[in-house]
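Visitor: Structure provided below as structure tokens; questions to follow.
In my numbering, the protein residues as written are 1107 to 1514.
Here it is, written out as structure tokens:
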């Protein structure tokens, strides 16, 4: 058995809510994992006893939720409340909102809870232990759900949030292509001939649109079609208004050294998720006040569902894209990178930022200004999209419903 530890101090954000108090109430101080042959274990440690509730959720992706009434996060090395698991546990995060604080664990696949217990301190804090084991999909779906509720998540959302997914929906995936920079913002300047980054991005986007249209499988929207400047927030709003199934922002990088070269793909970081939640609350979206007949708990559920789906699909597509691009271009890194770029923040659609190469590198610059190379590079995006959307492709957006705030 291998253990991985996540140790912890009282996060400033949470302390602000209890300013003046000597210490956080019911502080969570450690999270650790154990991977066995037939099950995985998570141990959550606190400075005092906490009655907890653990349950699994099947929609939209497998998750374990541990509800911890009155808990506050005080894990020193994970002040942002997020980390990586071990064994059957993937990423996890602490969510202080809703009726009760909770820790949400993304799972590697369908699983069932085989044991949960509390243990008194043994040289540390009070321990809450949950063991999970792989389970057949049918059993997992049957066991999954919110405690003290008889309905599934879909039924809960239909009843409380007026959200009814059309599981029979079949339409062409809508791809929003965003040529970065433009107008008064040229982006990275040309150093080895050809156009500036904004010019390269637009030429690539127009080529990508032509190739996607030629397949007859996609609807394509460009955030700009000429050399004009568009605010970053407006690019996101264009994608939201278009109900994007995938958002691809095209860029070309630059570095102080001419030796850096190769393409890279970026997806939203953990810090970006926090910014996305704040943004959704600020701009409305599906975070509606309870006076409009939507409980705060459902607001949080909707955000978690949409963001979880967004992150999973973004990461999947980023990996598929890198696999295709490597046959055409050198790669800066062979795995997706995580950043909090503003154009990646919206929780309602999957998004990647594709750095096609370095304007500061002579070879990359020549390639990016060569129409044949750009065509091959854009063809790799088309191939990745065709792999990502093998059938009709469009997924139900749980956040979209008649009461959601309109795109602005």
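C-beta atoms are modelled at their ideal positions from N, C-alpha and C, and glycine is treated no differently.
Less than 8 Å between the C-beta atoms of residue 1160 and residue 1236, yes or no?
Guide: Residue mapping note: residue 1160 aligns to position 54 of the chain shown, counting from 1. Residue mapping note: residue 1236 aligns to position 130 of the chain shown, counting from 1. Contact flag set, yes.
Visitor: Below 8 Å on the Cβ atoms is my contact criterion, and I expect residue 1151 with residue 1136 to pass it. Report the Cβ-Cβ distance as a whole number of Å.
Guide: Here residue 1151 refers to the residue found at position 45 of the chain shown. Here residue 1136 refers to the residue found at position 30 of the chain shown. Sure, about 4 Å apart at Cβ, within 8 Å.
Visitor: Three-state secondary structure (DSSP) at residue 1433?
Guide: Translated into positions along the chain shown, residue 1433 becomes position 327. In this structure, residue 1433 counts as coil in the three-state DSSP scheme.
Visitor: Among the residues of its own chain, which have a CB less than 6 Å from the CB of residue 1303, if the five just before and after it don't count?
Guide: What you label residue 1303 is simply residue 197 of the chain shown in a count that begins at 1. 1287, 1293, 1294, 1358 and 1465.
Visitor: Distance, Cα to Cα, residue 1456 vs residue 1417?
Guide: As a first step, residue 1456 is located in the chain shown; it is residue number 350 there, counting from the start. As a first step, residue 1417 is located in the chain shown; it is residue number 311 there, counting from the start. Straight-line Cα distance between these residues: approximately 7 Å.
Visitor: What does the Cβ neighbour count give for residue 1334, buried or exposed, with the cut at 16 atoms within 10 Å?
Guide: On the chain shown, position 228 is the one that residue 1334 refers to. Exposed, since its Cβ has fewer than 16 Cβ neighbours within 10 Å.
Visitor: Taking only the alpha-carbon atoms, compute the straight-line gap between residue 1201 and residue 1207 and give it to the nearest angstrom.
Guide: Indexing the chain shown from 1 puts residue 1201 at position 95. Indexing the chain shown from 1 puts residue 1207 at position 101. C-alpha separation (whole angstroms): 6 Å.
Visitor: How far does the beta strand (DSSP E) with residue 1486 in it reach, from first residue to last?
Guide: Here residue 1486 is taken as the residue at index 380 of the chain shown, counted from 1. No beta strand (DSSP E) contains residue 1486, which is instead part of the alpha helix (DSSP H) from 1477 to 1494.
Visitor: Give every residue of the same chain whose Cβ lies closer than 7 Å to the Cβ of residue 1278, excluding the five residues on either side of it in the sequence, and list them in chain order.
Guide: Residue 1278 sits at position 172 when you count from the first residue of the chain shown. For residue 1278, where only same-chain residues beyond five positions count, the Cβ hits under 7 Å are 1323, 1324 and 1325.
Visitor: Does the separation of the CB atoms of residue 1443 and residue 1490 fall below 8 Å?
Guide: Counted from its first residue, the chain shown places residue 1443 at position 337. Counted from its first residue, the chain shown places residue 1490 at position 384. Not in contact: residue 1443 and residue 1490 (Cβ atoms no closer than 8 Å).
Visitor: Let me know the secondary structure DSSP gives residue 1127 once reduced to three states.
Guide: Along the chain shown, one-based indexing puts residue 1127 at 21. The predicted position of residue 1127 is uncertain, since its pLDDT is 34 and thus under 50; a value taken from the coordinates is nonetheless stated next. In this structure, residue 1127 counts as coil in the three-state DSSP scheme.
Visitor: For the ligand GTP, any of its heavy atoms closer than 7 Å to the Cβ of residue 1495?
Guide: In the structure on display, the ligand GTP does not appear, and there are no ligands present to speak of.
Visitor: Within the segment 1355 to 1389, note down every full alpha helix (DSSP H) run reaching 4 residues or more, in order along the chain.
Guide: Counting only runs of 4 or more, we get 1376 to 1389.
Visitor: Can you give me the Cβ contacts of residue 1488 inside the same chain, cut-off strictly under 8 Å, excluding the 5 residues immediately before and after it?
Guide: Start at 1 with the first residue of the chain shown, and residue 1488 comes out as number 382. Correct list, in chain order: 1314, 1317, 1318 and 1321.
Visitor: Does DSSP put residue 1170 in a helix, in a strand, or in coil?
Guide: In the chain shown, counting from the first residue as 1, residue 1170 sits at position 64. Residue 1170 falls in the strand class under three-state DSSP.
Visitor: Taking the C-alpha atoms as reference points, what is the distance between residue 1461 and residue 1356?
Guide: Translated into the one-based positions of the chain shown, residue 1461 becomes position 355. Translated into the one-based positions of the chain shown, residue 1356 becomes position 250. Approximately 6 Å between the Cα atoms of the pair.
Visitor: Does the structure place the segment 1408 to 1417 close enough to the segment 1463 to 1483 that three or more beta carbon pairs sit under 8 Å?
Guide: The segment 1463 to 1483 vs the segment 1408 to 1417: no contact.
Visitor: Please work out which residues of its chain come closer than 6 Å, Cβ to Cβ, to residue 1222, disregarding the five sequence neighbours upstream and downstream, and give them in chain order.
Guide: In the chain shown, residue 1222 corresponds to position 116, counting from 1. Here the set comprises 1160 and 1236.
Visitor: In chain order, what residues of the same chain have a beta carbon less than 6 Å from the beta carbon of residue 1495, not counting five sequence neighbours either side?
Guide: Start at 1 with the first residue of the chain shown, and residue 1495 comes out as number 389. For residue 1495, where only same-chain residues beyond five positions count, the Cβ hits under 6 Å are 1279.
Visitor: Would residue 1478 be called buried (16 or more neighbouring beta carbons within 10 Å of its own) or exposed?
Guide: Translated into the one-based positions of the chain shown, residue 1478 becomes position 372. Under this definition residue 1478 is an exposed residue.
Visitor: With residue 1308 as the anchor, note down where its alpha helix (DSSP H) starts and where it stops.
Guide: To locate residue 1308, count along the chain shown from 1; it is residue 202. Residue 1308 -> alpha helix (DSSP H) spans 1303 to 1321.
Visitor: For residue 1379, would you say it is in contact with chain B, using Cβ-to-Cβ distances shorter than 8 Å as the test?
Guide: Of the chains in the structure shown, none is chain B; there is only one protein chain.
Visitor: With C-beta atoms as the reference, is residue 1149 less than 8 Å away from residue 1218?
Guide: Your numbering for residue 1149 matches position 43 in the chain shown. Your numbering for residue 1218 matches position 112 in the chain shown. No, the Cβ-Cβ distance between residue 1149 and residue 1218 is not below 8 Å.
Visitor: Give the DSSP bridge partners of residue 1212, in chain order.
Guide: For the purposes of this step, residue 1212 is taken as residue 106 along the chain shown, with counting starting at 1. Residue 1212 pairs with 1169.
Visitor: For the putative contact between residue 1483 and residue 1434, defined by C-beta atoms under 8 Å, what is the C-beta separation to the nearest angstrom?
Guide: Counting from 1 along the chain shown, the entry for residue 1483 is found at position 377. Counting from 1 along the chain shown, the entry for residue 1434 is found at position 328. So it is a contact: roughly 5 Å between Cβ atoms.
Visitor: Alpha carbon to alpha carbon, what distance is there between residue 1139 and residue 1428?
Guide: Along the chain shown, read from residue 1 onward, the residue named residue 1428 stands at position 322. Along the chain shown, read from residue 1 onward, the residue named residue 1139 stands at position 33. Their Cα atoms are separated by approximately 31 Å.
Visitor: DSSP three-state label for residue 1247, please.
Guide: To locate residue 1247, count along the chain shown from 1; it is residue 141. In this structure, residue 1247 counts as helix in the three-state DSSP scheme.
Visitor: Quick check on the DSSP output: the alpha helix (DSSP H) that includes residue 1344 runs from which residue to which?
Guide: Reading the chain shown from its first residue, position 238 is the one you call residue 1344. From DSSP, the alpha helix (DSSP H) with residue 1344 extends over 1338 to 1347.
Visitor: Exposed or buried, which one is residue 1231 when buried takes at least 16 other CB atoms within 10 Å?
Guide: The sequence position of residue 1231 within the chain shown is 125, counting from 1. The residue is buried, with at least 16 neighbouring Cβ atoms inside 10 Å.
Visitor: Could you spell out the range, first to last residue, of the beta strand (DSSP E) harbouring residue 1233?
Guide: Reading the chain shown from its first residue, position 127 is the one you call residue 1233. Residues 1232 to 1240.
Visitor: Where do the N-terminal and C-terminal ends of the alpha helix (DSSP H) with residue 1474 fall, by residue?
Guide: Sequence index remark: in the chain shown, residue 1474 carries index 368 (1-based). From DSSP, the alpha helix (DSSP H) with residue 1474 extends over 1468 to 1474.
Visitor: Under the DSSP definition of a beta bridge, which residues are partnered with residue 1224?
Guide: By 1-based counting over the chain shown, the position of residue 1224 is 118. BP columns for residue 1224 point to 1234.
Visitor: Grab the span of the beta strand (DSSP E) containing residue 1197 for me, first residue to last.
Guide: Counted from its first residue, the chain shown places residue 1197 at position 91. From DSSP, the beta strand (DSSP E) with residue 1197 extends over 1195 to 1201.
Visitor: DSSP beta-bridge partners for residue 1461?
Guide: Mapped onto the chain shown, residue 1461 falls at position 355. Looking at the DSSP assignment, residue 1461 forms a beta bridge with 1357 and 1370.
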